[in-house]
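Okay, structure first, notes after.
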Amino acid sequence: MYQAQSWDQPRRVVAKVEWHRGELFPRVGFIVTNLSFPVEGVTHFYNGRGTAEQWIKEGKYALHWTRLSCHRMVANEVRLMLFVLAYNMGNFMRRLALPETVKHWSLRSLQTKLIKIG
1 MYQAQSWDQP RRVVAKVEWH RGELFPRVGF IVTNLSFPVE GVTHFYNGRG TAEQWIKEGK
61 YALHWTRLSC HRMVANEVRL MLFVLAYNMG NFMRRLALPE TVKHWSLRSL QTKLIKIG
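The structure is reproduced here in structure tokens:
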């Protein structure tokens, strides 16, 4: 448990240290949480949350799915559904239809290198 001066109560801090081959220093991360899971459960939970945030960021930058500028709610709903469909089709293509060497590319890279450049 740790309590910073600005906190009204102590909180649990979980540290994660990763050593990677070829790197001089370890990667160190800290998670401040009120979850009572075991350490592995806490890191798994927050890693999953971070992964979901990466997917959202990928959709925002590759497909611009935050552009919901229609005046009617129903039109924005349809527009968002079309963005999600395009996102899922891009993931389908990336994971199932492309060679192993490009499966790690982001949707933005696929868009630029395969579709725009050709």
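Residue 98 in full-length UniProt numbering is what sits at position 98 of the sequence shown, and the numbering runs on without skipping anything.
No residue lacks a Cβ here, since even glycine has one placed at the ideal position from N, Cα and C.
The model shown is predicted, which means the values in this text are computed figures rather than measured ones.
For residue j and residue i, believed in contact at Cβ under 8 Å, the rounded distance
| i | j | result |
| --- | --- | --- |
| Leu35 | Val42 | 5 Å |
| Val17 | Phe30 | Not really, about 10 Å apart at Cβ, beyond 8 Å. |
| Phe45 | Phe37 | 7 Å |
| Leu110 | Gly90 | 6 Å |
Opening and closing residue of the beta strand (DSSP E) in which residue i lies
| i | result |
| --- | --- |
| Ile115 | Element bounds for Ile115: n/a, residue is neither H nor E. |
Sub-8 Å separation of residue i and residue j beta-carbons
| i | j | result |
| --- | --- | --- |
| Arg49 | Val32 | no |
| Arg108 | Tyr61 | yes |
| Gly59 | Phe83 | yes |
| Arg79 | Leu68 | yes |
Within the UniProt domain "Transposase DDE" (1-118), ranges of the alpha helix (DSSP H) (whole runs, at least 4 residues) = If we require 4 residues or more, the alpha helix (DSSP H) runs fully inside the UniProt domain "Transposase DDE" (1-118) come out as 39-63, 73-92, 107-110.
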